[in-house]
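S.K.: Protein chains in written order, with the numbering used here: chain P, 1 to 311; chain C, 1001 to 1438.
All C-beta atoms, glycine included, are put in the ideal place defined by N, C-alpha and C.
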Amino acid sequence: MPNEAGGNSSGPARPERFWPRTFRISSGSNVTRKTSIMQDVILIEAGRRERHYWIDLWRYRELFRVLAWRDLSVRYKQTVIGVLWALIRPLLTMLVFTIIFGQIARLPADGTAPYPLMVFAGILPWTFFSSGLNEASNSLINNANLISKVYFPRLIVPTATVVVAFVDFLISFFILILMMAWYHFLPGWQILVLPAFILLAFFASVGPALWITALNVKYRDFRYVIPFIVQFGLYVSPVGFSSSVVPEQWRLLYSLNPMVGVIDGFRWCILGGQSKLYLPGLPMSIGVTAFFVWFGIQRFRKMEKSFADLI
Amino acid sequence: MSDAVITVQNLSKRYLLGHRSGEQGYNTFREVITREARNFARKAVHVLQGREVVQGDGVEEFWALKNVSFDVKQGETIGIIGRNGAGKSTLLKVLSRITEPTYGWVSLRGRVASLLEVGTGFHPELTGRENIFLNGAILGMTQREIQKKFDEIVAFAEVERFLDTPVKRYSSGMYVRLAFAVAAHLEPEILIVDEVLSVGDAEFQKKCLGKIDDVSRREGRTILFVSHNMGVITSLCPTAIWLDQGSIRQYGSARGVVANYLAHGMPNKDQIVRLDCIKGAQRSDEDRLRLEKLEWLCSLPLRHGEPVRAQIQFSTRTSVTDLAVGIGFSSLDGTRYLTYETDFQDGFRPAFHSPGTYTVDVEVESLPLAPDIYALDVGCRSGDFHSLAHIPAAIEIEVIAGPNTPGTIIRKNAGVRLASKWVWNQLLEQQQSRMLRA
C-alpha cells in the first residue's frame, strides 16, 4: 500500500488556515472579524484534532435542540398514561424506601423533616442521574443510523438525551412541591442554591456517560454494565437514608461517590437547612465529578472519529 | 490557489476485517473453548494496548480507498461509478466527514451537505410535518430555512393530506418522496449524493433528477453523485470518475468513462455468490432479514434458452411475514430487463416466525435473455411495499448463446427473446386476384 501516502509533496498546496473566524483585537480594542478568501474551508485528514471543536458544537446547537425535542415527543408515544410514568416511578420508589428505611429499619430523618420528604429530595437527583446516565450511555447505539450517515459533532447525541431526563426531573419536581404543601414545609433561602446542584447532577451523569457511550460503540459489553451500576448505586448512594447515618470517619471517603455531594446538596436546599451539609465532602464530590467530565470528554473525542466505522 | 472547491489528495482508507479461519477444524467442545480463550486473551491484550479489536481469529487489511486524488471546480457535477465494493460509498463517507481517512487529505470549500440515504433520522412515530423539521435539522438546515421552504417541500413531496399522520403509516412511496423532498431543498455549496434514487417510482425519480439538474445548472452548486444507472450519469454529469478496487481507474468526460466502464464487464463465474460479503451494498432492515448467498444449481455461464436453477439463502432475526424473494436481470447501465419473484404466479408469501436460516430454490425453464453481460439484482420484501433487503447489481453475470439461439443474434440490443407462437399464411393468391380486377 501507499508508501508515501500522506505525503503531499506533489499536487496542490494544502491550505494552511481553516475556519477564517480569526479575531483580531485592534487598537480601539473592538473586535473585528478578518475577512478571508478561504471562506469556511474544511480540511479532512487522519488524526486531525478539530481546532474549533467547541465553536462547531455551538453551530450545531439547533440540531441539539431538535434531537432533544424528538426524544421528548417520542418518549411517551403509544403509552396509555403517557407523562404519568414520570410521576409514578419516583412516587413508588419513595413509598418503598420510606417503608423500608423509615418504618422497618427506623433510620433517623434529618432534623425535623418528614422522612418521605427527605427520601423524595434524594430520589429526585438520583432519578435524574440514573436515567441520564442510562439513556446517554445507549444514545450512540440507538442513533447508529445517524452516526453512519450524517456528520455532526457526536457530542450532541449523548448530551441531548440528558435533556429528556431533565424534563422528567422537572415533572417530578412538581410532586415535591405538592408534597411540601401537604406537609406544610416551607423551604429556606437555601433553595436558591438548588440550580447549582442540578448542574452538578447533570455533570455527574454526563461525564461517565460520555465515556461509557463511546466504549459501548466498540464493545457492546458496556450496555450490560450500566443497569448494574445504576442498581448498585441506588443502595450505595444516600437515596433511601440520610448520609448522616454514615460514621463520621468514613464520610470523606463516602463523598468520593459524586452523587453523595449532589444528594446532600439537594436535601440541604430543599429541607431548608434541616439536613446539615457535610462541607469537607462537597469539594470532594465536585472534584470527582469534574474529573469524570474531563476524562469522559477526552475519551469521547479520542474515539469519536471511528464511531462510523465501528457502529 | 486554484479555484477547486474540492481537493482530494492521496486519500486512502483502511479497514481491518476479522474472519474465522478454518472453522471446520474446530469440532469438539474443547477445541472451541481453547479457541475462544485464545481470542479472549488476544482481545484483552489489544484493549490494554489501546489497539483496534477485531472479531474472529484472523485479521486482514482491506484498503477501501487507495491513493485517490482529484479536484472538483465550483459548479461541476461529477458522477462516480464503479462496481459494488469499489470504494464509492467510502469516498463519499470520507468527504462528508463521517469517517476519517487513514492517509491523505481533503479540503472542502463551502457548506457541505451529504445525502447518503433517503430519510436519515426519520422517526416512524413522528408525523410528516415533524419529520420535515427533524430531517432538515439533521441535514444541516436551520429551522428558519425549513419554515421558509416548508410549503415548497410539501408540494414537491405531494403529501399534503398526510402531513399529520405518523410516517410509519406512510406507503414506502410517500416516505421516499417526503424524504427526498427535504433533501432536494437543501442549499449547500457542495452536495454529495449516494445512490438514493434507486428507490421510488419512475415519475418521482425523474422529478428528483430534474431538481438536481436544476440546482447544478442554475445555482452553480458543486455536486458529487454516485449511481449505478449509467443513463442518469451521462445525462446529469459532464464528468465522471470510475473507481475500481479503491483507486481511480479513469477520470474524464462522462460519456467516455461510462463507455469504457460498460466495455469492461467482468462476469462473475463463481458457483456460490456470498451476498453478505458485498460490502455496503445491502440496503436493508438488517435487524430483520439478511440475504446470505446465492448458489447456482446449473452450470455457468448461463445459456440463452436453457434452464436456470438457483438457490437463495437468507437468515431472519425476527419473525418475518408475507415474504417474497426475487431476482432481476438488468443491463449494466441499470435498466431492468427481467424479474423473477416467488409470489408472482400464485401470490403465495410464506411467514417465518422463528429466527433461522432458510433457502428458496428457483427454477426457470428457459432463460429468455439474449447473450450479453447483465447485472443481477437480488431482493426480499414483506408484502407489496416493505423492502427487507435489496442488493442492486450484486454481481455481473454472463449469458451465452444456447443450442437453439440463432447464430446471427446480435450481442447488444437483443434484450429478451421469448418463445412465441407464429402462424404463417399465404396471401399471394388474393393479391393476384386483386391485380386482375384492376
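Let me check understanding here. Comparing Cα to Cα, which of C:His1228, C:Lys1088, C:Thr1222, C:Ala1324 lies closest to Gly1110 of chain C?
M.R.: Comparing Cα-Cα distances from Gly1110 of chain C to each of C:His1228, C:Lys1088, C:Thr1222, C:Ala1324, the minimum goes to C:Thr1222.
S.K.: Can you check the stretch 204-287 of chain P for any alpha helix (DSSP H) of at least 4 residues that lies completely inside it and give the ranges in chain order?
M.R.: Listed in chain order, they are 225-236, 251-254, 258-270.
S.K.: When DSSP builds the beta bridges, which residues end up paired with Gly1252 of chain C?
M.R.: Gly1252 of chain C pairs with C:Ala1240.
S.K.: Assign Arg33 of chain P to one of three DSSP states: helix, strand, or coil.
M.R.: Residue placement at Arg33 of chain P is poorly supported in this model, since its pLDDT is 35, which falls under 50; the coordinates still yield a value, given next. Arg33 of chain P falls in the strand class under three-state DSSP.
S.K.: Quick one: is Tyr1103 of chain C near chain P, going by C-beta distance under 8 Å?
M.R.: With 8 Å as the cut-off, Tyr1103 of chain C counts as an interface residue toward chain P.
S.K.: Out of P:Ile81, P:Val74, P:Met284, P:Ala308, which has the shortest C-alpha to C-alpha gap to Pro1166 of chain C?
M.R.: Residue P:Val74 is the option with its Cα nearest to Pro1166 of chain C.
S.K.: Look up Val1106 of chain C in the DSSP assignment and give the residues it is bridged to.
M.R.: According to DSSP, Val1106 of chain C bridges with P:Ile44, C:Val1008.
S.K.: Three or more C-beta pairs under 8 Å: does that hold for the stretch 1311-1324 of chain C against the stretch 1381-1393 of chain C?
M.R.: The answer is yes - the stretch 1381-1393 of chain C touches the stretch 1311-1324 of chain C, with three or more Cβ pairs under 8 Å.
S.K.: Tell me whether the beta-carbon of Pro991 of chain C lies closer than 8 Å to the beta-carbon of Val1072 of chain C.
M.R.: With chain C covering only 1001 through 1438, there is no way to say anything about residue 991 of chain C.
S.K.: Roughly how many whole angstroms lie between the Cα atoms of Ala290 of chain P and Thr159 of chain P?
M.R.: Roughly 16 Å separates the two Cα atoms.
S.K.: Could you have a look at Leu1376 of chain C and say whether DSSP puts it in helix, strand or coil?
M.R.: Note: Leu1376 of chain C maps to strand in three-state DSSP.
S.K.: Anything in chain C within Cβ reach of Ala68 of chain P, meaning under 7 Å, just list it in chain order.
M.R.: Per Cβ cutoff of 7 Å: no residues; Ala68 of chain P is ~11 Å from chain C at best.
S.K.: Any idea if Gly207 of chain P is buried or exposed, counting beta-carbon neighbours within 10 angstroms, 16 or more meaning buried?
M.R.: Buried, by the Cβ-count rule.
S.K.: Strictly under 8 Å for the Cβ-Cβ distance: is Ile1098 of chain C near chain P by that measure?
M.R.: Ile1098 of chain C counts as touching chain P.
S.K.: Give the secondary structure of Asn1067 of chain C by DSSP, where H, G and I count as helix, E and B as strand, and everything else as coil.
M.R.: Note: Asn1067 of chain C maps to strand in three-state DSSP.
S.K.: Quick one: list the residues of chain C neighbouring Val41 of chain P, beta-carbon separation under 8 Å, in chain order.
M.R.: Here the neighbours are Ser1107, Leu1108, Arg1109.
S.K.: Could you check what DSSP says for Pro108 of chain P in three-state terms: helix, strand or coil?
M.R.: Coil.
S.K.: Among P:Phe300, P:Ile104, P:Pro258, P:Val245, whose alpha-carbon lies nearest the alpha-carbon of Lys276 of chain P?
M.R.: Comparing Cα-Cα distances from Lys276 of chain P to each of P:Phe300, P:Ile104, P:Pro258, P:Val245, the minimum goes to P:Val245.
S.K.: Counting pairs of Cβ atoms below 8 Å between the stretch 1074-1085 of chain C and the stretch 279-297 of chain P, do you hit three or more?
M.R.: No: fewer than three Cβ pairs fall under 8 Å.
S.K.: Using a beta-carbon distance cut-off of less than 8 Å, what residues from the stretch 1121-1136 of chain C approach chain P?
M.R.: Per Cβ criterion, the list reads Gly1121, His1123, Glu1125, Leu1126, Glu1130, Phe1133, Leu1134.
S.K.: Taking three-plus beta-carbon pairs below 8 Å as touching, is the stretch 1343-1361 of chain C in contact with the stretch 1311-1319 of chain C?
M.R.: Counting Cβ pairs under 8 Å, three or more are found: they touch.
S.K.: Give the DSSP-derived three-state secondary structure of Ala1393 of chain C in the structure shown.
M.R.: Correct three-state label for Ala1393 of chain C: strand.
S.K.: Provide the residue span of the beta strand (DSSP E) that contains Ile1081 of chain C, from first to last.
M.R.: Per DSSP, Ile1081 of chain C belongs to the beta strand (DSSP E) from 1077-1081.
S.K.: With distances taken from CA atoms, which of C:Lys1093, C:Ser1330, C:Leu1338, C:Arg1218 is nearest Glu1396 of chain C?
M.R.: Nearest C-alpha to Glu1396 of chain C: C:Ser1330.
S.K.: Per DSSP, Ile1223 of chain C is paired with what?
M.R.: Per DSSP, C:Thr1077, C:Leu1191.
S.K.: Looking at chain C, is there any beta carbon in it that lies within less than 8 Å of the beta carbon of Ala214 of chain P?
M.R.: No, no contact with chain C.
S.K.: If the cut is a Cβ gap below 9 Å, which residues of chain P does Leu1139 of chain C touch?
M.R.: Correct list: Val150.
S.K.: Closer than 8 Å is the cut-off here; do at least three beta carbon pairs connect the stretch 264-278 of chain P with the stretch 127-140 of chain P?
M.R.: With the cut-off at 8 Å, the stretch 264-278 of chain P and the stretch 127-140 of chain P do not touch.
S.K.: Under 8 Å Cβ to Cβ from Ser1172 of chain C, same chain only, skipping five residues before and after it: list those, please.
M.R.: Result list for Ser1172 of chain C: Val1199, Phe1385, His1386, Ser1387, in chain order.
S.K.: Taking the continuous alpha helix (DSSP H) assigned at Leu91 of chain P, which residues delimit it?
M.R.: 84-97 is the span of the alpha helix (DSSP H), which, as asked, contains Leu91 of chain P.
S.K.: Please list, in chain order, the residues of the stretch 1141-1169 of chain C that have any C-beta partner in chain P closer than 7 Å.
M.R.: Here the close residues are Thr1142, Gln1143.
S.K.: For Phe1156 of chain C and Gln1271 of chain C, I'd like the C-alpha separation in whole angstroms.
M.R.: Approximately 46 Å between the Cα atoms of the pair.
S.K.: Which value, in whole angstroms, describes the spacing of the CA atoms of Lys1269 of chain C and Pro1301 of chain C?
M.R.: Computed Cα separation, rounded: 7 Å.
S.K.: Going along chain P, which residues have a C-beta under 9 Å from Ser1114 of chain C?
M.R.: Lys149, Val150, Tyr151, listed in chain order.
S.K.: If you draw a straight line from the C-alpha of Pro1101 of chain C to the C-alpha of Val1008 of chain C, how long is it?
M.R.: Near 11 Å, if we compare the C-alpha coordinates of Val1008 of chain C and Pro1101 of chain C.
S.K.: Please list the terminal residues of the continuous beta strand (DSSP E) segment that includes Lys1088 of chain C.
M.R.: Not the beta strand (DSSP E): Lys1088 of chain C falls in the alpha helix (DSSP H), residues 1088-1095.
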